[in-house]
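Undergrad: Sharing a structure with you now.
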Amino acid sequence: MTVWDIRRDALFADRREIALSSGFTAAWSLPIWSTKRTTLGTVVIFHPHSLGTIAEVPKPMETAVHLAAIAIQHHRNEMEMRTLTRRLLQSHDEERRLIARSVSRSGRI
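Sequential numbering from 0 applies to the sequence shown in numbering that gives the first Met the number 0.
Here's what the structure looks like:
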């Protein structure tokens, strides 16, 4: 999505003063997509020229958004792996305790 004039767009109401004081008057809002086409987030790229902003997002920006998607998905996968590993280790510990109790009750090793 391209916003040609952030001075008038409601989407930028909470960031308007910061953007304008930094010399920005236009912006691109780019979704960060997962490989399954779910939205992972959004990148906003500000531009100093309202009327002169090109409608197409420059290739380096597309590449940056793509790399952000990879990084976000990698982080999510890593967090999921850590959670699963923690659950697996807890399960192993519980199983060992049950076996140890069972062995101590029966008096056999």
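Glycine residues also receive a C-beta, built at the ideal position from the N, C-alpha and C atoms.
All of these numbers come straight from a predicted model, not from anything done at the bench.
Is the separation between the beta-carbon of Phe23 and that of Pro47 shorter than 7 Å?
TA: yes
Undergrad: If you run the structure through DSSP and keep just helix, strand and coil, what is Ser20?
TA: helix
Undergrad: Name the two residues that bound the continuous beta strand (DSSP E) containing Leu39.
TA: 38 to 46
Undergrad: Can you tell me whether DSSP reads Pro59 as helix, strand or coil?
TA: helix
Undergrad: Looking only at its chain, what residues have a beta carbon closer than 8 Å to the beta carbon of Ser103, apart from the 5 residues adjacent to it on each side?
TA: none
Undergrad: CB Phe45 to CB Ala26, shorter than 7 Å?
TA: Contact flag set, yes.
Undergrad: When the Cα atoms are used, what is the spatial distance from Arg6 to Ala67?
TA: 28 Å
Undergrad: Along the chain, where does the beta strand (DSSP E) containing Ser33 start, and where does it finish?
TA: Counting along the chain, Ser33 falls outside any beta strand (DSSP E), and DSSP gives it neither H nor E.
Undergrad: With DSSP as the reference, please indicate the residues paired to Ala137 in a beta bridge.
TA: Nothing can be reported for residue 137: it is not among the residues displayed for the chain, which extend from 0 to 108.
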